[in-house]
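Novice:
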């Protein structure tokens, strides 16, 4: 069985469980996960994104859960924030998605009724149940039932409209053939936006672009924004928990700047952001609470700090007054409302800006523990002002910083470097590169 090949205690990454279908993630694994979850959650809502394997994985999850006596409510093909919001009416939610990963991947992410992802203790409990088979199937008389859940999309749109009111911006929307293909266009039109759509059809092969909305994948969006004279271009990832944007001049607005833009516009007293977020936040906001990378950790820190906003440079944003789920659909609608009131290019240009660089370095999955050990040894030799070890190693200097950390979802070292000028960026990049080189030798 596949579980025998996995380091089970790393089964859950920072964004749920993912893998290549048939290799790292199988229907057997999906059944085991849902059996473990259903052993102490009796009313479960399940949704899936547009991937070609989504229905297969959903059906495996339903079989496992109902075999434990749980009732399953099938929300069908929905975005992750739609599903997470629906979890409010159930014991938990299970979303079938691999988010921004390529089409051959799939996985699951687990959601609490308040919209937050399962935290570390909850994930560990599920893992332990899978390892120990700490559950018993129900007899044929007591298996659960599967129900069709209707209206999830409509409820999501209604919640956004109630929170934001109206917006008149001209918007170009690129859903990337992912799970926001219906909910995001409907939300924007409900607000009153004038909308042009791109890749807004469900297609698990993601023919228009990759599910990860990086700048190099959004050339069509940039060109269409300029051609249409639009106020803003909005792009989502495969499941809709992420949102990035293009301003009215066709310039890409990355996650760091969107966090700063939201924080400035909402006039929040503080922001929760992960270790790889820009120091621009420190310049703009009175209080920045740093956490590990991953929306689950942003949500945890928001609860502990009682702050009103948190986000990640990857393009996830959490608005606790709405939900503890990263809701890319809501974030896109909020940005459209902001673009209705002022030119985004002017707002973006008014923000502080520092040169930065993000790179990833792949290694063999089986070498993870060895790489982790080398990383710790290399970090111990750094000559920096301050070394933060909450998530990887963030080395801080008078005019910049860099972070080297292990990805929570892939066998990669992720490196982020930021400095107040180009010369310092190059200097710190060289130090980080030497550190990575020692880890991957």
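In the numbering used here, the protein residues as written are 1 to 441. Idealized CB from N, CA, C, for every residue including glycine. Nothing here was measured: the structure is a model prediction, and the numbers come from that model.
Have a look at residue 186 and residue 52 and give me their C-alpha separation to the nearest angstrom.
Specialist: Distance between the alpha carbons of residue 186 and residue 52: 23 Å.
Novice: In this structure, how does DSSP classify residue 418 when only helix, strand and coil are distinguished?
Specialist: Strand, per DSSP.
Novice: Which residue or residues does DSSP assign as beta-bridge partners of residue 73?
Specialist: For residue 73, which the question treats as bridged, DSSP gives the partners 45, 147.
Novice: My guess is that residue 374 and residue 391 are in contact by the Cβ rule of under 8 Å, so how many angstroms apart are they, rounded?
Specialist: Actually they are not in contact, since the Cβ atoms of residue 374 and residue 391 sit about 17 Å apart, beyond 8 Å.
Novice: Please go through the same chain and pick out, in chain order, the residues whose beta-carbon is closer than 8 Å to the beta-carbon of residue 126, but skip the five residues on each side of it.
Specialist: Within the same chain, residue 126 has close Cβ partners 12, 33, 36, 37, 110, 118.
Novice: Can you say whether residue 377 is buried or exposed, counting buried as having 16 or more other CB atoms within 10 angstroms of its CB?
Specialist: By the neighbour-count rule (16 or more Cβ atoms within 10 Å), residue 377 is not buried but exposed.
Novice: If you follow the beta strand (DSSP E) that residue 274 is part of, which residue opens it and which one closes it?
Specialist: Its beta strand (DSSP E) spans residues 270-274.
Novice: For residue 459, which residues from the same chain have a beta carbon less than 7 Å from its beta carbon, with the 5 sequence-adjacent residues on both sides left out?
Specialist: Examination of residue 459 is not possible in this model, given that the chain is present from 1 through 441 alone.
Novice: Using C-beta distances below 8 Å, list every residue in its chain close to residue 431, excluding the 5 sequence neighbours before and after it, in chain order.
Specialist: These residues qualify, in order along the chain: 382, 395, 402.
Novice: Might you give, ordered along the chain, the residues of its own chain that have their beta carbon closer than 6 Å to the beta carbon of residue 310, omitting 5 neighbours on each side?
Specialist: Closer than 6 Å at the Cβ level, and outside the excluded window around residue 310, lie 272, 298, 302, 318.
Novice: Which residues share a DSSP beta bridge with residue 412?
Specialist: In DSSP, residue 412 forms a bridge with 362.
Novice: Would you list the one or two residues that DSSP bridges to residue 117?
Specialist: In DSSP, residue 117 forms a bridge with 111.
Novice: Could you please give me the residues that DSSP links to residue 19 through a beta bridge?
Specialist: Beta-bridge pairing links residue 19 to 106.
Novice: Quick one: measure Cβ to Cβ for residue 356 and residue 418, integer angstroms, because I've assumed they're closer than 8 Å.
Specialist: Yes, they are in contact, since the Cβ atoms of residue 356 and residue 418 sit about 4 Å apart, within 8 Å.
Novice: Closer than 8 Å is the cut-off here; do at least three beta carbon pairs connect the segment 262-271 with the segment 358-374?
Specialist: The segment 262-271 is not in contact with the segment 358-374.
Novice: Under three-state DSSP, which class holds residue 24?
Specialist: Three-state DSSP puts residue 24 in coil, outside helix and strand.
Novice: Rounded to a whole number of angstroms, what is the C-alpha to C-alpha distance between residue 245 and residue 226?
Specialist: One C-alpha to the other measures close to 13 Å.
Novice: Contact check, residue 281 vs residue 259 under 8 Å by CB: the rounded distance?
Specialist: Contact holds; Cβ gap of about 7 Å.
Novice: So, at 8 Å on beta carbons, what are the nonlocal neighbours of residue 4 in its own chain, with the 5 sequence-adjacent residues on each side left out?
Specialist: Confidence at residue 4 is low in this model, with a pLDDT of 42, below 50, so its placement is unreliable and the value that follows should be read with caution. Nothing listed; no residue qualifies.
Novice: Residue 142 by DSSP, collapsed to three states: which one?
Specialist: Correct three-state label for residue 142: coil.
Novice: Using only alpha-carbon positions, find the residue among 324, 332, 293, 330 that is nearest to residue 414.
Specialist: For residue 414, the nearest C-alpha among the options comes from 293.
Novice: Expressed to the nearest angstrom, what Euclidean distance is found between the alpha-carbon atoms of residue 520 and residue 240?
Specialist: The displayed coordinates of the chain run from 1 to 441. Any statement about residue 520 would go beyond what the structure contains.
Novice: Quick one, which of 69, 65, 184 has its alpha-carbon nearest residue 155's?
Specialist: It is 184 whose Cα lies nearest to the Cα of residue 155.
Novice: Could you have a look at residue 59 and say whether DSSP puts it in helix, strand or coil?
Specialist: Looking at residue 59 - three-state DSSP - the assignment turns out to be helix.
Novice: Give a yes or no on whether the minimum CB-CB distance between residue 267 and chain D is below 8 Å.
Specialist: Judged by its chain identifiers, the structure shown contains no chain D, having just a single protein chain.
Novice: Distance check for residue 21 and residue 351, CA to CA, integer angstroms please.
Specialist: Cα to Cα, the separation comes out at about 42 Å.
Novice: Tell me the rounded alpha-carbon separation between residue 83 and residue 385.
Specialist: Spanning the two alpha carbons is a distance of roughly 44 Å.
Novice: Can you list, in chain order, the residues of its chain whose CB lies under 7 Å from that of residue 107, leaving out five sequence neighbours each side?
Specialist: The residues are 16, 17, 18, 19, 25, 97, 98.
Novice: How would you call residue 331, buried or exposed, if buried means at least 16 neighbouring beta carbons within 10 angstroms?
Specialist: Residue 331 is buried by the Cβ-count criterion.
Novice: Quick one: using the 10 Å Cβ neighbour count with 16 as the cut-off for buried, is residue 7 buried or exposed?
Specialist: Residue placement at residue 7 is flagged as unreliable, the pLDDT there being 45, under the threshold of 50; the coordinate-derived value follows with that caveat. So residue 7 counts as exposed.
Novice: Can you tell me which of the three DSSP states residue 78 falls into?
Specialist: Coil, per DSSP.
Novice: Residue 211 and residue 102: beta carbons closer than 8 Å?
Specialist: Yes, the Cβ-Cβ distance between residue 211 and residue 102 is below 8 Å.
Novice: Does DSSP classify residue 340 as helix, strand or coil?
Specialist: Residue 340 falls in the helix class under three-state DSSP.
Novice: Taking its Cβ as the centre, do 16 or more other Cβ atoms sit within 10 Å of residue 283, making it buried, or is it exposed?
Specialist: Exposed, since its Cβ has fewer than 16 Cβ neighbours within 10 Å.
Novice: Threshold first: 4 residues or longer. Then list the alpha helix (DSSP H) segments lying entirely within the segment 301-349, N to C.
Specialist: DSSP runs (the alpha helix (DSSP H)) wholly in the segment 301-349: 328-341.
Novice: Please classify residue 92: does DSSP put it in a helix, a strand, or coil?
Specialist: Three-state result, residue 92: strand.
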